[in-house]
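Peer 1:
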Amino acid sequence: MRKLIPTWGAGRNFDGEALAGMDLRYEAFCFADRYFYDADGYGTETGESWVSTLSGCSSGWRRLDRGDWHVCLPDGVDLPMQGWKVHVAATGADVVKVLETVRPYCVTARLPFKFLRSPRIYTNRNAKYADRSVSGKLITIYPPGDVELKRVLEDLSSALTDVSGPYIPGDLRYGDGPLYVRFGGFVERVITDSQGALIPALERPDGEIVAEPAGLPDWVEVPGFLKPHLHAQQPGDGARYQVMKVFQQTNAGGVYLANRRSDGRQFVLKEARPHTGLDPDGADAVTRLDREARTLIRLAGVPGVPELQGRIRAAGNEVLLLSPMPGVPISRWLARNYPLTQRDLTKSDRTRYVERVLALLGRVERILADVHRRGLVHGDLNDRNILVDDDDSVSLVDFELTFPAVDRRRPSGGTPGFSAPADRSGFEVDRYAFAVLRLWMFLPLTMVLDLEPDKLPDFVRQVRKKFDLPLGYLEEVLAELRPRAARSARRRTALDQPEINWQAVRKSIADGVLSSATPHREDRLFPGDIQQFATGGTGFGHGAAGVLHALDVSGFGRFPAYERWLVDAVRREPPTTAGFWDGAHGVIHVLDNFGYHDEADELIEKVEPQLSSITSHGLRNGLAGIGLNLLHLAANRQDAGHLWHAIEIGGRLTEMQEQSLLPARGRAGLMHGWSGPALLFLRLFERTRDRAWLDYADLAIRRDLLECARTPDGSLQVRDRQNTLPYLEVGSAGIAIAMEELLTAWPGASVATELPRLRRALLAEFVIQPGLMLGRAGLIGALAAGLRRDPDPLASRALDQHLEWLALHAVPYQGHVAFPGTHLFRLSMDVATGSAGVLLALASALDGVQLLPFLSDNTALAVFGLAGVSTGRSVRVGPGGRA
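Residues 1 to 883 (UniProt numbering) make up the sequence shown, in order.
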């Protein structure tokens, strides 16, 4: 997630360091559903929709819903393609007044307008982790010219006196009320970016169509009546500070490291945007900032707690000036030091880790005790709010949710996985979170406990097996975390058996996926990653196409009703991008395989104009994935046109290679790196027998190897900022699996010497996520691919270990086996992050089927059926090689 420097005091943009890889958007999708990420925010709609309260806008008007908006267009009014539009903001208290004032005004004046459809949508768009670019907007008005624009602003500013609203980023505020203006498109006009995504566009005076900029286009003249408001929009006190680093930025505000220009003194600036960043209680960011300011005053002098240095206003936002605290979040410290991510560690290595962690925990406990002695509960102790410096000193930050211990009601919110149950109060809230931390430091899977508290004994047993901890340590953790309310007997799954029957496990996973289907919904069929709400619920990686593919190739059949849902969904709202993973070509692949050739052709025709604009090389949403699918269609249909198109895309990619267009650091691997194009080059060789394609494939993989680094355990992994990654999407597994494919065709390829080190990266015991793209299932698939080419006892034992650890990730759902997705907060059923991807990995290892489209199908060489390779499991191989 890109983090932008605020306009005040900024000299240039930076990419802020990710907080140990945490994408904060995921927390916003946890409120709607107990088990799945969902976009419904804080629950279902309870009040009357605002659409039903609109009157006087029927005869002579055209009305339609577009996403979150209800659009009202008067007949006979011609709008220009672009121009100045008016955004009207409102706080929750003023929403009804603003709607009852602005909508009748627009109807009477016959001005096109749109408004948010319901209170739920309004709340979602102003929540703490909502998209900043849409925050604050309640109504949009489209005046056809400058004369009408001036009249609208004057009339409504008089009618909306004493109305407050969130500041709308990037807009020009008119006066000090809730009106904002922006130059942008009136009629939807898009262009294709380098990734194949459709983005809003404007027309320059010379006729060129360009991407709509974040601010005012450089060719637009500001009307004279707006210039005083432009000059009045000053940065305020924030101009005295130069932002050097972005730690975090959300809809609520941001946290920045900044230098004071006058003397170079460094501060942490904590910014709060008024009337937005709402939490589940409806409190805005400034309310939480006020709470933190009061808290820090009470905690003045406590070692390890930031000092409050002052408070300023900047660009309409409230900002605290805090003393910088050294170190990195303890989550990042753990990523660098956790021993189970390395191979060949000795007992003394683990002992040193235990000693170091116990010392760190002791320091955290001392700071908490000091906070408690002041009568306060921190309220949000988690892996991001504890900082560890190079000398292992510790600080505690973020006191937004801190409250007096005597208060009977604690603030809402908190971090999934660390938040205490509702039956804890006062200091018990921190004691619970600290007990989670004590377990998390030795097994960072504790977020799963929110989904299944009964896994707590399993986690404790695993920690006891791997680490020699002081007597009573784990018993104390168990006592604090064990649910107080009486629970029914533990829900057991097919993975909770002494002898695992993998056929039963796989059937249970498939049944879990099917039981989660929601065919009554139009936005998605199977719950998955939050990405499905950005790219649609039909795609291969995160949508219905990929899940239906996984069920089919894994041997669990076809589901015509769900296939019809997919067909209807893409006709209703076709994918906006052409790429394979998130866009049209992944859906085309599945529809064509299922025999829906006409529907596939409709999509091919829709996205064909985009292909010439795409310059991204990857398999995920770039040319490699599109080319591979065209090659697949050519073979399936014996279609020379698709073949020549695939060859043309291969040629474009070779030109990119020759121009030395190196990939961005940290994106090497199967989906984003040059390993995807290598796979296309290899398949082109197999189709054309032109050995030049093999040379291009060898070079492409070598390009990915340039993005790798040797780790302390001797493995070769992809550099990712300060970490290294072994995964399929970004990491060693993706490069290794492409290299295995190449070496099958050309054992003498120059990259062959690096394969052992890439394979070594797949052997680590601990992987935090179970999924295919960035988790354990991808390592299982890559290990299985290697074992089919080169049986190896070490790799076989690692495969056993990965299969054993899957049980720790597994969560019962509807009596079946399911797996949590990204960050482990909620379950996922999709291919990229959830159960469908795990099912593919098991089918690849057990049956030799394709792990993913375009990889080899080795059904005759299932890993468990290879002579001399054993998983150490009780596995029966039945007809057709299926276990």
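We treat Cβ as the ideally placed atom computed from N, Cα and C, and that holds for glycine.
Take Ala127 and list the residues in its own chain whose beta-carbon comes closer than 7 Å to its own, dropping the five residues that flank it on each side.
Peer 2: Position 127 of the sequence shown, counted from the start, is the residue given in the question as residue 127. Answer for Ala127: Ala28, Gly41, Asn251, Leu278, listed in chain order.
Peer 1: Can you give, in chain order, each stretch of the beta strand (DSSP E) that sits fully within the region 376 to 431 and has at least 3 residues?
Peer 2: Entirely contained in the region 376 to 431, the beta strand (DSSP E) runs reaching 3 residues are, in chain order, 386 to 388, 394 to 396.
Peer 1: First and last residue of the beta strand (DSSP E) that includes Lys245?
Peer 2: In the sequence shown, counting from the first residue as 1, residue 245 sits at position 245. Residues 241 to 250.
Peer 1: Using a Cβ-Cβ cut-off of 6 Å (strictly less than) and excluding sequence neighbours within five positions of Leu774, which residues of its own chain qualify?
Peer 2: Counted from its first residue, the sequence shown places residue 774 at position 774. The residues are Tyr727, Glu729.
Peer 1: Under the three-state reduction of DSSP, which class applies to Ile141: helix, strand or coil?
Peer 2: Here residue 141 refers to the residue found at position 141 when the sequence shown is read from its first residue. Ile141 falls in the strand class under three-state DSSP.
Peer 1: So within the region 715 to 782, which uninterrupted beta strand (DSSP E) runs reach at least 3 residues, ignoring any that extend past its ends?
Peer 2: Those beta strand (DSSP E) runs which fall completely within the region 715 to 782 and span 3+ residues are 716 to 720, 723 to 725.
Peer 1: Among the candidates Asn337, Gly253, Lys114, whose CA atom is the shortest distance from the CA of Leu269?
Peer 2: For the purposes of this step, residue 269 is taken as residue 269 along the sequence shown, with counting starting at 1. Checking every option, the nearest Cα to that of Leu269 belongs to Gly253.
Peer 1: For Gly165, count neighbouring Cβ atoms within 10 angstroms of its own Cβ and tell me buried if that reaches 16, exposed if not.
Peer 2: The residue given as residue 165 occupies position 165 in the sequence shown. Per the 10 Å Cβ criterion, buried.
Peer 1: According to DSSP, simplified to helix, strand and coil, what is Asn126?
Peer 2: As a first step, residue 126 must be located in the sequence shown, where it is residue number 126. Asn126 falls in the coil class under three-state DSSP.
Peer 1: Run the CB neighbour count on Pro404, radius 10 Å, all protein chains shown included, and call it buried at 16 or more, exposed below.
Peer 2: As a working note, residue 404 is residue 404 in the sequence shown. Its Cβ having fewer than 16 others within 10 Å, Pro404 is exposed.
Peer 1: Got a sec, what are the start and stop residues for the alpha helix (DSSP H) Trp61 sits in?
Peer 2: The residue you call residue 61 lines up with position 61 of the sequence shown. No alpha helix (DSSP H) contains Trp61, which is instead part of the beta strand (DSSP E) from 61 to 66.
Peer 1: Quick check on the DSSP output: the beta strand (DSSP E) that includes Phe113 runs from which residue to which?
Peer 2: Position 113 of the sequence shown, counting from 1, holds the residue named residue 113. Start and end: 113 to 116.
Peer 1: If we ignore side chains and look at the alpha-carbon of each, how far apart do Val875 and Asn501 end up?
Peer 2: Sequence index remark: in the sequence shown, residue 875 carries index 875 (1-based). Sequence index remark: in the sequence shown, residue 501 carries index 501 (1-based). Caution is warranted here: a pLDDT of 33 is assigned to Val875, below 50, making its placement in the model unreliable, and no coordinate value can be reported.
Peer 1: Looking only at its own chain, which residues have a Cβ that is under 8 Å from the Cβ of Cys57, when we skip the five neighbours before and after it?
Peer 2: For the purposes of this step, residue 57 is identified with residue 57 of the sequence shown, where counting begins at 1. For Cys57, where only same-chain residues beyond five positions count, the Cβ hits under 8 Å are Arg63, Cys72, Arg103, Val107.
Peer 1: For Asn621, does the three-state DSSP call read helix, strand or coil?
Peer 2: Here residue 621 is taken as the residue at index 621 of the sequence shown, counted from 1. Here Asn621 sits in coil by DSSP.
Peer 1: Apart from the five residues just before and just after Asp523, which ones in its own chain have a Cβ nearer than 6 Å to its Cβ?
Peer 2: Here residue 523 is taken as the residue at index 523 of the sequence shown, counted from 1. Hits under 6 Å: Gly537.
Peer 1: Can you list the alpha helix (DSSP H) stretches of 4 or more residues lying completely in the region 136 to 181, in chain order?
Peer 2: Runs of the alpha helix (DSSP H) inside the region 136 to 181: 146 to 159.
Peer 1: How many angstroms separate the CA atom of Leu699 from the CA atom of Phe685?
Peer 2: One-based indexing of the sequence shown puts residue 699 at position 699. One-based indexing of the sequence shown puts residue 685 at position 685. Roughly 14 Å between the two C-alpha positions.
Peer 1: Bridge partners of Cys30, per DSSP?
Peer 2: Locating residue 30 in the sequence shown gives position 30, counting from the first residue. Paired residues: none, contrary to the question.
Peer 1: Excluding the 5 residues flanking Arg424 on each side, which residues of the same chain have their C-beta closer than 6 Å to its C-beta?
Peer 2: To locate residue 424, count along the sequence shown from 1; it is residue 424. Correct list, in chain order: Tyr432.
Peer 1: Judging by CA-CA distance, which residue of Val406, Arg757, Ala359 is the nearest neighbour of His378?
Peer 2: Taking the first residue of the sequence shown as 1, we reach residue 378 at position 378. Of Val406, Arg757, Ala359, the residue nearest in Cα terms is Val406.
Peer 1: Can you check which of these residues, Val163, Thr346, Ser331, is closest to Val388 by C-alpha distance?
Peer 2: Within the sequence shown, the letter at position 388 stands for residue 388. Checking every option, the nearest Cα to that of Val388 belongs to Ser331.
Peer 1: Tell me the DSSP secondary structure of Cys708 in three-state form.
Peer 2: Walking along the sequence shown from the start, residue 708 turns up at place 708. Strand, per DSSP.
Peer 1: Locate the alpha helix (DSSP H) running through Leu334, then write down its first and last residues.
Peer 2: The residue given as residue 334 occupies position 334 in the sequence shown. That run of the alpha helix (DSSP H) goes 330 to 337.
Peer 1: How about Ser516 and Met244: are their beta carbons less than 8 Å apart?
Peer 2: Taking the first residue of the sequence shown as position 1, residue 516 is located at position 516. Taking the first residue of the sequence shown as position 1, residue 244 is located at position 244. No. Outside cutoff.
Peer 1: Could you tell me the distance, in whole angstroms, from the CA atom of His542 to the CA atom of Tyr813?
Peer 2: Start at 1 with the first residue of the sequence shown, and residue 542 comes out as number 542. Start at 1 with the first residue of the sequence shown, and residue 813 comes out as number 813. Approximately 19 Å between the Cα atoms of the pair.
Peer 1: At the level of alpha carbons, what is the spacing between Val187 and Val86?
Peer 2: Taking the first residue of the sequence shown as position 1, residue 187 is located at position 187. Taking the first residue of the sequence shown as position 1, residue 86 is located at position 86. Whole-angstrom Cα-Cα distance: 15 Å.
Peer 1: Quick check on this structure: which residue in Pro205, Gly586, Gly304 has the alpha carbon closest to the alpha carbon of Ala369?
Peer 2: For the purposes of this step, residue 369 is taken as residue 369 along the sequence shown, with counting starting at 1. Of the candidates Pro205, Gly586, Gly304, the one whose C-alpha sits nearest the C-alpha of Ala369 is Gly304.
Peer 1: What residues in its chain sit with their C-beta under 8 Å from that of Glu365, if we drop five residues either side in the sequence?
Peer 2: What you label residue 365 is simply residue 365 of the sequence shown in a count that begins at 1. Closer than 8 Å at the Cβ level, and outside the excluded window around Glu365, lie Phe434.
Peer 1: Fully enclosed by the region 88 to 113, which alpha helix (DSSP H) runs are 4 residues long or longer?
Peer 2: Entirely contained in the region 88 to 113, the alpha helix (DSSP H) runs reaching 4 residues are, in chain order, 95 to 109.
Peer 1: Taking only the alpha-carbon atoms, compute the straight-line gap between Arg490 and Phe36 and give it to the nearest angstrom.
Peer 2: Along the sequence shown, one-based indexing puts residue 490 at 490. Along the sequence shown, one-based indexing puts residue 36 at 36. If I take the Cα positions, the gap works out to 21 Å.
Peer 1: Taking the straight line between their C-alpha atoms, what separation do you get for Pro457 and Leu481?
Peer 2: What you label residue 457 is simply residue 457 of the sequence shown in a count that begins at 1. What you label residue 481 is simply residue 481 of the sequence shown in a count that begins at 1. Each residue's alpha carbon lies about 10 Å from the other.
Peer 1: Under DSSP, the beta strand (DSSP E) around Ala201 begins and ends at which residues?
Peer 2: If you number the sequence shown from 1, residue 201 lands on position 201. Its beta strand (DSSP E) spans residues 198 to 203.
Peer 1: Tell me which residues share the same chain as Arg620 and place their Cβ nearer than 8 Å to its Cβ, disregarding the 5 neighbours each side in the sequence.
Peer 2: In the sequence shown, the residue the question calls residue 620 occupies position 620. Around Arg620: Gly541, Gly579, Phe580, Trp581, Asp582, Met671, His672, Gly676, Glu729.
Peer 1: Write down the C-beta distance between Ala678 and Ile647 rounded to the nearest angstrom, noting that I regard them as a contact closer than 8 Å.
Peer 2: For the purposes of this step, residue 678 is identified with residue 678 of the sequence shown, where counting begins at 1. For the purposes of this step, residue 647 is identified with residue 647 of the sequence shown, where counting begins at 1. Between Ile647 and Ala678 the Cβ distance is about 16 Å, and since that is not below 8 Å, they are no contact.
Peer 1: Less than 8 Å between the beta carbons of Gly417 and Phe825, yes or no?
Peer 2: Locating residue 417 in the sequence shown gives position 417, where the first residue counts as 1. Locating residue 825 in the sequence shown gives position 825, where the first residue counts as 1. Contact flag set, yes.
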